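**Q** Chains U and X supply the protein sequences, listed in that same order.
In terms of the numbering used here, the first sequence is residues 79 to 570.
In terms of the numbering used here, the second sequence is residues 8 to 245.
We treat Cβ as the ideally placed atom computed from N, Cα and C, and that holds for glycine.
Here the structure is a predicted model, which means the values were calculated and not measured.
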Amino acid sequence: MAFLETATSPEKLRRIAIDPLTRVEGHGKVTLLLDAENKVHQVRLHIVEFRGFEVFIEGRPFWEVPVTVQRLCGICPVSHHLAAVKAMDAIAGYRRLTPTAEKLRRLMHYGQILQSHAVHFFHLASPDLLLGFDSEPTRRNIVGVAAEYPDIAKQGVLLRKFGQEVIRHTSGKRIHGTGAIPGGVNKALTKAERDEMRAGIDEMILWARDAVRLVEKLHLSHPAFYNTFGEFRSNMMGLVDRHGALDLYHGGLRARDADGGTIFDHVDYTTYQDVLQEEVKPWTYMKFPHIKALGPETGWYKVGPLARVQVCAFIPSELAENERKNLLALGGGKPVHGALLYHWARMIEALHAAEVIRDLLDDPDILGTDLMADKSERQEEGIGVIEAPRGTLFHHYRVGDDDLVKFCRLIVSTTNNNQAMNEAIRAVAAEYVDGRVITEGLMNHIEVAIRAYDPCLSCATHAIGQMPLEVDLVDGDGALVSRRRKNFSGAA
Amino acid sequence: MTELANVFNLDGARIPFEPGQTILTAALAAGVYIPHLCAHPDFPPHGSCKLCTVTVNGRDGPACTINALPGQDVRSDSPELNEIRRVLLQMLFVEGNHFCPGCEKSGACKLQALAYDLEMLSPHFVQFFPNRKVDASHPDFLLDFNRCIMCELCVRASRDVDGKNVFALAGRSRDSHIIVNSPSGRLGDSTLSIDDKAAHVCPVGAILRKEVGFVTPIGERLYDHEPISQVDLAEEAK
C-alpha cells in the first residue's frame, strides 16, 4: 500500500481530513486525497501535536529524568518511568537490582499493562466493536457501552482501577508516581497493601479471561471480516526472555518476518542501533523506524500485542498461553496480520498481566526491604528498553561528568508502529472507501484501524530541530510556483 | 510592666510573648501559624518574602521583623491578607521555573506547601519562563537557578554559620539573582562543603544534594499528610 503514501498530482484531488482522531491518546489526523470518482490516491496519518521532550531533558540531572519524562503521557507513564530508570541504573553504576526491587518494578509494570489494556479495549475500542463501526456516533462511546452492556463496562472500569491501584501501591500515585529510582525502588510493599491486592486479583483474572473470550466471540461471529480488516503483511518485533518467552519488563530483541522466520534474535537492546534505524519524512513529526539490514522499504515492522504474542515462543502463564494458542490457530501455523486481531492479543496480554501480578504477590520477595543495589562504576551512556502496552519503547541517554543529561533519544512504541498504522489505514481506505460515497461510518473505519494499534500520539513526537519540512506553493491549475525546504538541521 | 502585660491580640486570641520576640516567633511559640517563607528560627529575621505580612494596629508589616509589644492588635488569618499572600506566591511561581511534577523537592518544598495551604489554584500571571542553566559543577550539590526564590537563607547560613560567604544576592529588582563566590562563579570552584549549613537550608529545590533525587517515597514526604501550618507548628513544639 506504499503507493498510497504520496499522490502523483495532489493539486487536482479533493482533500478529506479526519481531524481530530477520536478515542486515541494524543492528537492526530488522517488526510485522504480523492478524485472526482472518490478513488483514493493518498492516505496519511499525521501527528499534529508536539512534545519536544528529547530537547528539554537535556541539561537536567539524570536522577530527575525517570520522573520528569513520564509526563510525556498520562496513560502509560510507568513505561517511560521504567525505561528511563533502566537506562539510569546503568549510568549511575547499578548493574544488578535486588530481587525485591526488580519484582516491585515488574509488579508496577504489569499493573500498568493491565490498566492500559483495559482502558484501551473497554473505553476506547469496545464502542466500535460492540455497538458497530457505523452505529450512531453520539452513542458510540463508553457511555453507550455502559447503557447497552453494563456488566462489560463495569468490568472494564474495575480492571483498570485494579491496575491503577497496583501502580499506586508501588509508586505512590495512580498516575505519575516516583517508585523507581536509579539502583532500585524507593518504597517497600507493606503486607496490608499486598493482601489488599491479593484479595482482588483472582476476580481480575476471571474478568480478563472473559474479555479475551468476548473478543474471540466477536471474531468468530464474522471471521472473514475480523481477520482481514486492515490486514497487511509485515515484520514484527518485541522483547523475549532468554527462553524465548514473552517478557514485558526485560529481555532481548527478537524480530520475525511476515511468515514467522527469524530476522534477529536475543539482540542485547543496548546495541539496538546495530539493528534498527530511523527515517524522517517531511509530512509528519513522527519518525519511521525500520530494521537496518532490510532498509526503509521492507524493514518496517509491527510492535505491540499482536507482534509480541507471535514473536515469543510462549507466554509464561497458563491461562494466557492457552488463549494465545487459540489466537494463533487462526493462522494455521503462519502469523496473522489483521488489525483487529490486536484487540484479541491485547486482552491475552491483559490476562497474562493479571496472572503475573498474582504470582508476584505470592512471591515472598515482594515484601522484602532490600530495595537498593550495590553501586559500581558509573558510565556515560545508558539505554533502557521495555515493552510498553503499545509496544517496544527505547530510552537512550548520555550523561556528562557533571551528572547532567547531554543527549536523549526516545523511540516510543507508537513511532515503531508508524508505518504499520499508515499501512493499515491505506488498506482500509482501499477496501472500504475507494469509489464509494463518503459517510461518517466509512470514515470511522479508518479510525477503527488506527485505534487497533492503541497509538499514543502524545508520546510519539518529541524530536525538535531534526524534522525536514517541505512546503509547495501551487497555482489554481496545480503548477508549482515555489518550494521551500528545511533539512534535518533546520537550515532552509 | 507586669508579666501579664506581655500579651498581644492575634485574630482575637491572646498571645503571650517574651520581650524581644517578634510577632511571628511569639505566635509560633503559642501554636498559632502565620505563613512565612524566608524566616528561619536559626537566623535573624530577613523580611524579604513578605508572606508573613500582618496588620498591626491598622498598618501592614512583616510579622518576622516587628517586635511583639503589649496590647498590639494583630490581624493575620483574614481573606484580605491571605489574598495578598497568594499573589506573592503567584509572583514567585511565575518568576522562576517551578515545575513541581518533575522536582525532587516536591512534597517537602515550602513554596509548594504554602501554595497548597493558601489554596493557590493557578499561577494567574504570565510565566516568565526564564532560561537559566543549572550549575552542576560541584561534586555533591546541584544549584538550580530556575527554582531560587531569593530568600537568602543560603546567604545567611554561609555567612553567619559557615563563615564562608559562598552565596550572595546580586542585581536589583527583577534582575536580582543569586551568585556564587568563586573565581569562576561556579559552585564547583567555591568552598561549599557537604557539612555546610548553607548546603541544607534551601526551602525549595534550588540547592540539592546530588543523586538523592526521589529517594523518599510519596506518602512519606514532609508535607504529604499534614499542611505546612501544622507541620511547622509541630516542629516548633519540639
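So what does M157/X bridge to, in DSSP terms?
**A** As a first step, residue 157/X is located in the second sequence; it is residue number 150 there, counting from the start. For M157/X, which the question treats as bridged, DSSP gives no partner whatsoever.
**Q** Comparing the C-beta of A213/X with each C-beta of chain U, is any distance below 8 Å?
**A** Position 206 of the second sequence, counted from the start, is the residue given in the question as residue 213/X. No, because no Cβ of chain U sits closer than 8 Å to the Cβ of A213/X.
**Q** Taking the alpha-carbon positions, what's the M275/U to V244/U distance?
**A** Here residue 275/U refers to the residue found at position 197 when the first sequence is read from its first residue. Here residue 244/U refers to the residue found at position 166 when the first sequence is read from its first residue. Each residue's Cα considered, the two are about 7 Å apart.
**Q** Kindly say whether V61/X, judged by its beta-carbon, lies nearer than 8 Å to any beta-carbon of chain U.
**A** Mapped onto the second sequence, residue 61/X falls at position 54. By this cut-off, V61/X is not an interface position.
**Q** Is it buried or exposed for T492/U, if we count other Cβ within 10 angstroms and need 16 for buried?
**A** Within the first sequence, numbered from 1, the residue matching residue 492/U stands at position 414. Burial call: buried.
**Q** May I ask you to report which of helix, strand or coil DSSP gives M249/X?
**A** Residue 249/X lies beyond the residue range present for chain X, which begins at 8 and ends at 245; the question has no answer from this structure.
**Q** When you check each C-beta in the stretch 213-243 of chain U against every C-beta of chain X, which residues fall closer than 8 Å?
**A** Under the 8 Å Cβ criterion, the stretch 213-243 of chain U contributes no residue.
**Q** My parser needs the alpha helix (DSSP H) runs of 4 or more residues fully inside the stretch 355-387 of chain U; what are they?
**A** Whole alpha helix (DSSP H) segments, 4+ residues: 373-376.
**Q** Which residue from C151/U, R402/U, L520/U, I125/U puts its Cα closest to that of V293/U?
**A** Position 215 of the first sequence, counted from the first residue, corresponds to residue 293/U. Checked all of C151/U, R402/U, L520/U, I125/U; the closest Cα to V293/U is R402/U.
**Q** Taking the beta carbon of H540/U as the centre, do at least 16 other beta carbons fall within 10 Å, making it buried, or is it exposed?
**A** Residue numbering aside, residue 540/U sits at position 462 when the first sequence is read from its first letter. Any reading at H540/U must be qualified, since the residue scores a pLDDT of 45, below 50, and its modelled position is unreliable; the value itself is stated next. Classification for H540/U: buried.
**Q** Could you pull the start and end residues of the beta strand (DSSP E) that D67/X belongs to?
**A** On the second sequence, residue 67/X is found 60 positions in, with the first residue counted as 1. 66-69 is the span of the beta strand (DSSP E), which, as asked, contains D67/X.
**Q** Pull up the distance between the alpha-carbon of I246/X and that of N500/U, whole angstroms please.
**A** No answer is possible for residue 246/X: the residues shown for chain X start at 8 and end at 245.
**Q** Cα separation between G572/U and F342/U?
**A** This structure gives no information on residue 572/U, because the portion of chain U shown stretches from 79 to 570.
**Q** Chain X beta carbons: is any one of them nearer than 8 Å to that of A149/U?
**A** Start at 1 with the first residue of the first sequence, and residue 149/U comes out as number 71. The displayed chain sequence assigns Arg, not Ala, to residue 149/U. So yes, R149/U belongs to the interface.
**Q** So that I know if they touch, is there some Cβ in chain U lying closer than 8 Å to that of E10/X?
**A** Position 3 of the second sequence holds residue 10/X. Here E10/X scores only 48 on pLDDT, less than 50, and its place in the model should not be relied on; the value that follows carries that caveat. With 8 Å as the cut-off, E10/X does not count as an interface residue toward chain U.
**Q** Using a Cβ-Cβ distance cut-off of 8 Å, determine whether P177/U contacts chain X.
**A** By 1-based counting over the first sequence, the position of residue 177/U is 99. Chain X contact via Cβ: absent.
**Q** Can you tell me whether A417/U is buried or exposed? The criterion is at least 16 other CB atoms within 10 Å of its CB, across all chains shown.
**A** Taking the first sequence and counting its residues from 1, the one referred to as residue 417/U is at position 339. Classification of A417/U: buried, given that the 10 Å Cβ count is 16 or more.
**Q** With H, G and I counted as helix, E and B as strand and the rest as coil, what does DSSP make of C154/U?
**A** Counting from 1 along the first sequence, the entry for residue 154/U is found at position 76. Here C154/U sits in coil by DSSP.
**Q** Please identify the residue among K90/U, L112/U, L91/U, S87/U whose C-alpha is closest to the C-alpha of R504/U.
**A** Taking the first sequence and counting its residues from 1, the one referred to as residue 504/U is at position 426. Among K90/U, L112/U, L91/U, S87/U, the Cα nearest to that of R504/U is on L112/U.
**Q** Out of F134/U, G106/U, R122/U, H105/U, which one is the CA nearest neighbour of R93/U?
**A** Position 15 of the first sequence holds residue 93/U. When only C-alpha atoms are compared, the closest one is R122/U.
**Q** Kindly list the residues whose CB is nearer than 8 Å to the CB of V141/X, restricted to its own chain and excluding five residues on each side of it in sequence; keep chain order.
**A** Here residue 141/X refers to the residue found at position 134 of the second sequence. Within the same chain, V141/X has close Cβ partners L149, L150, D151, F152, N153.
**Q** Please list the partners that A170/U has in chain X, where partner means a Cβ-to-Cβ separation under 9 Å.
**A** Within the first sequence, residue 170/U is the residue found at index 92, counting from 1. Within chain X, the residues near A170/U are E218.
**Q** Hey, would you say C158/X sits closer than 8 Å to C45/X, going by beta carbons?
**A** Position 151 of the second sequence, counting from 1, holds the residue named residue 158/X. Position 38 of the second sequence, counting from 1, holds the residue named residue 45/X. In this structure, C45/X lies closer than 8 Å to C158/X by Cβ.
**Q** For the pair the stretch 76-85 of chain X and the stretch 14-22 of chain X, tell me if three or more CB-CB distances fall below 8 Å.
**A** Touching, yes, given that three or more Cβ pairs across the two stretches are closer than 8 Å.
**Q** Here's the rule: buried if 16 or more other CB atoms are within 10 angstroms of the residue's CB, otherwise exposed. What is G212/X?
**A** Residue numbering aside, residue 212/X sits at position 205 when the second sequence is read from its first letter. Classification of G212/X: buried, given that the 10 Å Cβ count is 16 or more.
**Q** CB-CB under 8 Å to L91/U, same chain, minus the five flanking residues each way: which ones, in chain order?
**A** Locating residue 91/U in the first sequence gives position 13, counting from the first residue. Hits under 8 Å: A85, L111, L112, D113, H119, Q120.
**Q** Measure the beta-carbon distance from G316/U to V389/U and round it to whole angstroms, keeping in mind my assumption that it falls under 8 Å.
**A** Within the first sequence, numbered from 1, the residue matching residue 316/U stands at position 238. Within the first sequence, numbered from 1, the residue matching residue 389/U stands at position 311. The pair is a contact, with the Cβ atoms about 4 Å apart (cut-off 8 Å).
**Q** Are any of the Cβ atoms in chain U nearer than 8 Å to that of P137/X?
**A** Sequence index remark: in the second sequence, residue 137/X carries index 130 (1-based). No, no contact with chain U.
**Q** So A432/U is in the alpha helix (DSSP H); what residue range does that whole segment cover?
**A** In the first sequence, residue 432/U corresponds to position 354, counting from 1. From DSSP, the alpha helix (DSSP H) with A432/U extends over 419-440.
**Q** Short check: CB of V483/U to CB of F140/U, under 8 Å?
**A** Within the first sequence, the letter at position 405 stands for residue 483/U. Within the first sequence, the letter at position 62 stands for residue 140/U. Closer than 8 Å, so yes.
**Q** Within the continuous alpha helix (DSSP H) that includes G189/U, where are the two ends?
**A** Here residue 189/U corresponds to residue number 111 of the first sequence, with the count starting at 1. Start and end: 177-196.
**Q** Going by DSSP, what residue range makes up the alpha helix (DSSP H) through Y304/U?
**A** For the purposes of this step, residue 304/U is taken as residue 226 along the first sequence, with counting starting at 1. That run of the alpha helix (DSSP H) goes 301-306.
**Q** Considering only DSSP beta bridges, list what G469/U is partnered with.
**A** Taking the first sequence and counting its residues from 1, one reaches residue 469/U at position 391. For G469/U, which the question treats as bridged, DSSP gives the partners A466/U.
**Q** In the DSSP assignment, find the unbroken alpha helix (DSSP H) run with D206/U in it and report its ends.
**A** As a working note, residue 206/U is residue 128 in the first sequence. Element bounds for D206/U: 204-209.
**Q** What do you reckon, are the CB atoms on A205/X and S165/X nearer than 8 Å?
**A** Here residue 205/X is taken as the residue at index 198 of the second sequence, counted from 1. Here residue 165/X is taken as the residue at index 158 of the second sequence, counted from 1. Yes; because the gap between Cβ atoms is below 8 Å, this pair is in contact.
**Q** What are the residues of the stretch 247-280 of chain U that lie near chain X, defined by any Cβ-Cβ distance shorter than 8 Å?
**A** Within the stretch 247-280 of chain U, the residues whose Cβ lies closer than 8 Å to some Cβ of chain X are S249, G250, K251, H254, G255, T256, G257, I259, P260, N264, K265, listed in chain order.
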